[in-house]
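Taken in order, the sequence shown gives residues 874 to 1161; the numbers are from my numbering. No residue lacks a Cβ here, since even glycine has one placed at the ideal position from N, Cα and C. Note that the structure is predicted; figures quoted are calculated from it, not measured. As structure tokens, the structure follows; a few thoughts come after it.
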Amino acid sequence: MSMPVSVYSSTDAGAPQFTEGKPSEFFNVLKACLIDGYGDKAAAGWQLQSITPSEMIINNDPNTASGFTARLTSERDDDSVRQCVGVTPMKAWTGTEALLPGYMKVIYIASDARFFNWTLIASKSGFYFFKGWWDDLVGGPYQYGAKETAIFVGDIKPFVANDLSIFLAYGSDSGRKNHEFGSRYSQESYDFGFDMGLNGSISQTVKLYDRALNGSPIDYHVRPMLINANPSQPAPPTDGLYLPVYIMNDLGTPQCLRGLLPGLLHPTEPQHRNELPPFYNYINGQKH
């Protein structure tokens, strides 16, 4: 993420916990990690604009990041259990919906205690939130159709200097479960960042303006450049190849690589199915 990164987990001392599976519990986790800190963990450095049991407005650091805003709202506008929380990126929040045109992303707040574990990886500019995997018997995030178990919110890593349209939310679209999250390997890996697109159209994943925030927003999709779509499951994984995850538009002329999802490397072969997150690998002698 090109700035200090912290890893937060439900297994940390003093970490907030899910107990019933309510949106407010999700907001409390985000607030503890991004805004307040807990135990011996310092906060990631985001700002809180407002919070209720059914809505949370946050922005990343305006000095070292874009300063853009995300609005998180419960699916049913209440704090009942077992519902999705939608995440919408914005230019700013003034009490009206100054939304960035795009696709709302969702994360499902399950009431099943086996999905109460969570891991959050954050910097001042962005965060990844992963929910679930209480133990390896759950069988991965695909279990019970619960694909909405991970989300990214924040600034991408742009390829062009002075790009002002870099803030987005990425994950499942409004309950449509559009992103690929394990099925290509018979549910044998966690593949956040290989996108099928809204209703199967890979172009309709995220929207970004031009780098000056002018004109109409353009559709982009999210995926690695290379992927082995139908491998036999290796045991253990053999190729050790990891790829960046790109935000791209290859449907028009000229083709465009806009940037990367920050800090994310995507394996081309399945692994980690029976490991509790957070898990770490060493690549070229460096811990990731």
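Restricting to Cα atoms, I'd like to know which of the options is closest to residue i.
i: residue 1084; options: 951, 1137, 1029; result: 1029
i: residue 1037; options: 1082, 1024, 1004; result: 1082
i: residue 1190; options: 1097, 1131, 1136, 1130; result: In the structure displayed, the chain extends from 874 to 1161; residue 1190 sits before or after that span and is not available.
i: residue 1032; options: 1132, 1088, 963; result: 1132
i: residue 1095; options: 933, 1115, 1121, 1088; result: 1121
i: residue 960; options: 952, 889, 954, 948; result: 948
i: residue 963; options: 985, 930, 1035, 995; result: 930
i: residue 944; options: 882, 928, 898; result: 928
i: residue 955; options: 985, 933, 909, 937; result: 985
i: residue 952; options: 905, 899, 1114, 921; result: 899
i: residue 894; options: 957, 941, 1157; result: 957
i: residue 950; options: 942, 913, 924; result: 924
i: residue 1157; options: 909, 988, 1114, 1137; result: 1114
i: residue 876; options: 1080, 938, 910, 909; result: 938
Within 10 angstroms of the Cβ of residue i, are there 16 or more other Cβ atoms? Answer buried if so, exposed if not.
i: residue 993; result: buried
i: residue 1086; result: exposed
i: residue 1160; result: exposed
i: residue 1092; result: buried
i: residue 1078; result: buried
i: residue 884; result: exposed
i: residue 887; result: exposed
i: residue 998; result: buried
i: residue 976; result: buried
i: residue 1061; result: Note that residue 1061 scores 40 on pLDDT, short of 50, meaning its location in the model is unreliable; the coordinates nonetheless yield the value given after this. Classification of residue 1061: buried, given that the 10 Å Cβ count is 16 or more.
i: residue 890; result: exposed
i: residue 881; result: buried
i: residue 1035; result: exposed
i: residue 892; result: exposed
i: residue 990; result: buried
i: residue 1089; result: exposed
i: residue 1015; result: Confidence is the limiting factor: at residue 1015 the pLDDT is only 37, short of 50, which leaves the residue's position unreliable and the question unanswerable from this model.
Quick check on the DSSP output: the beta strand (DSSP E) that includes residue i runs from which residue to which?
i: residue 992; result: 991–995
i: residue 963; result: 956–963
i: residue 1094; result: 1091–1096
i: residue 944; result: 942–947
i: residue 933; result: Here residue 933 belongs to no beta strand (DSSP E), and DSSP marks it neither H nor E.
i: residue 1122; result: 1115–1122
i: residue 982; result: 978–982
i: residue 1043; result: 1040–1043
i: residue 1024; result: 1023–1028
i: residue 999; result: 999–1004
i: residue 1081; result: 1079–1081
Are the Cβ atoms of residue i and residue j separated by less than 8 Å?
i: residue 1040; j: residue 1023; result: no
i: residue 1000; j: residue 979; result: no
i: residue 902; j: residue 996; result: no
i: residue 982; j: residue 926; result: no
i: residue 907; j: residue 916; result: yes
i: residue 1043; j: residue 1134; result: yes
i: residue 919; j: residue 932; result: yes
i: residue 922; j: residue 942; result: yes
(request) Starting from the N-terminal side, write out each stretch of the beta strand (DSSP E) that is 3 residues or longer and does not extend beyond the stretch 883–930. (result) 920–925
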